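Residue numbers (our numbering): 75 to 290. This report refers to the structure that appears directly beneath it.
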């Protein structure tokens, strides 16, 4: 989900024009999400989708987990970089998106490599006896620390966890309102990662902020 523009619209448009375009399937998914969902900005979109594809292709992971599927855009992008025989597990708590997600996965050549789980990620993750090469967290902000602590022990040394929205509309900079629970949660998560000796991290000022975490 992206809620904050760190660069102006003209620069972002220029970047999009000078980056590889979406596939026809991703374009249609992007378009339908904007037309038919309440919060379309939760979708990764062209630039972030390409970023996820590039990371995945550089790592060539065999086991990927995504927490927060939404309509499936980011999962399809991550699946492009899977090693031969690799599997991406994606977890979405909102059952209302299930039919839409499965429809688009079925139209993709990568769909056979994606397993969709509908349910609470904090319950699903412990049930998956898998060591992860790559994880992407983009779900409930107050649960970021819980997702992180579930995934880090299950991530291989040298594996990566990517976490979206870690600048959260720029609100993590400066004083945070007492009742702004999401911002407090993200700021606390960022501080936790920064001081976690188990990892190396890079907070990118890209869209709404992406924290890249390498397990040491």
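Backbone N, C-alpha and C fix where the C-beta goes; we use that ideal spot for every residue, glycine too. Small disclaimer: the values here were computed from a predicted structure and weren't measured.
Work out the CA separation of residue j and residue i for me, nearest whole Å.
{"i": "residue 267", "j": "residue 285", "result": "9 Å"}
{"i": "residue 219", "j": "residue 121", "result": "26 Å"}
{"i": "residue 255", "j": "residue 89", "result": "33 Å"}
{"i": "residue 124", "j": "residue 130", "result": "10 Å"}
{"i": "residue 223", "j": "residue 199", "result": "11 Å"}
{"i": "residue 182", "j": "residue 253", "result": "42 Å"}
{"i": "residue 141", "j": "residue 278", "result": "19 Å"}
{"i": "residue 276", "j": "residue 118", "result": "19 Å"}
{"i": "residue 282", "j": "residue 115", "result": "11 Å"}
{"i": "residue 213", "j": "residue 84", "result": "29 Å"}
{"i": "residue 289", "j": "residue 269", "result": "13 Å"}
{"i": "residue 232", "j": "residue 204", "result": "15 Å"}
{"i": "residue 75", "j": "residue 96", "result": "With a pLDDT of only 42 at residue 75, under the threshold of 50, the placement of this residue in the model should not be trusted; the figure read from the coordinates follows. Rounded to whole angstroms, residue 75 to residue 96 spans 18 Å at the Cα level."}
{"i": "residue 86", "j": "residue 240", "result": "19 Å"}
{"i": "residue 110", "j": "residue 265", "result": "36 Å"}
{"i": "residue 274", "j": "residue 128", "result": "20 Å"}
{"i": "residue 91", "j": "residue 227", "result": "40 Å"}
{"i": "residue 78", "j": "residue 158", "result": "The pLDDT assigned to residue 78 is 48, lower than 50, so where the model puts this residue is not dependable; a value taken from the coordinates is nonetheless given after this. Using only the alpha carbons, I get a separation of about 36 Å."}
{"i": "residue 190", "j": "residue 82", "result": "35 Å"}
{"i": "residue 98", "j": "residue 243", "result": "30 Å"}
{"i": "residue 94", "j": "residue 280", "result": "17 Å"}
{"i": "residue 112", "j": "residue 154", "result": "27 Å"}
Taking the alpha-carbon of residue i as reference, which of the options has the nearest alpha-carbon?
{"i": "residue 139", "options": "156, 132, 128 and 123", "result": "156"}
{"i": "residue 272", "options": "235, 254 and 260", "result": "235"}
{"i": "residue 260", "options": "270, 279 and 238", "result": "238"}
{"i": "residue 102", "options": "160, 225, 169 and 174", "result": "174"}
{"i": "residue 225", "options": "214, 207 and 241", "result": "207"}
{"i": "residue 194", "options": "143, 82 and 242", "result": "143"}
{"i": "residue 262", "options": "94, 93, 280 and 215", "result": "215"}
So residue i and residue j are in contact, right, with Cβ under 8 Å, and what is the actual spacing, rounded?
{"i": "residue 210", "j": "residue 152", "result": "6 Å"}
{"i": "residue 217", "j": "residue 196", "result": "7 Å"}
{"i": "residue 150", "j": "residue 100", "result": "6 Å"}
Would you say residue i and residue j are within 7 Å of each other, going by their C-beta atoms?
{"i": "residue 245", "j": "residue 229", "result": "no"}
{"i": "residue 126", "j": "residue 148", "result": "yes"}
{"i": "residue 160", "j": "residue 186", "result": "no"}
{"i": "residue 192", "j": "residue 169", "result": "yes"}
{"i": "residue 145", "j": "residue 171", "result": "yes"}
Does the beta-carbon of residue i, which I'm using as the reference point, lie nearer than 6 Å to any heavy atom of the ligand ADP?
{"i": "residue 268", "result": "You won't find the ligand ADP in this model; it holds no ligand whatsoever."}
Determine, for residue i, whether the minimum Cβ-Cβ distance to residues of chain D falls below 7 Å.
{"i": "residue 84", "result": "Within the model displayed, chain D is absent; a lone protein chain is all it includes."}
(request) Taking 8 Å as the threshold, find out whether the stretch 156-168 comes into contact with the stretch 243-250 through three or more Cβ pairs. (result) As far as the Cβ criterion goes, the stretch 156-168 does not touch the stretch 243-250, which means the pair count is below three.
(request) Pair every Cβ in the stretch 96-106 with every Cβ in the stretch 176-190, then say whether three or more of these pairs are closer than 8 Å. (result) yes
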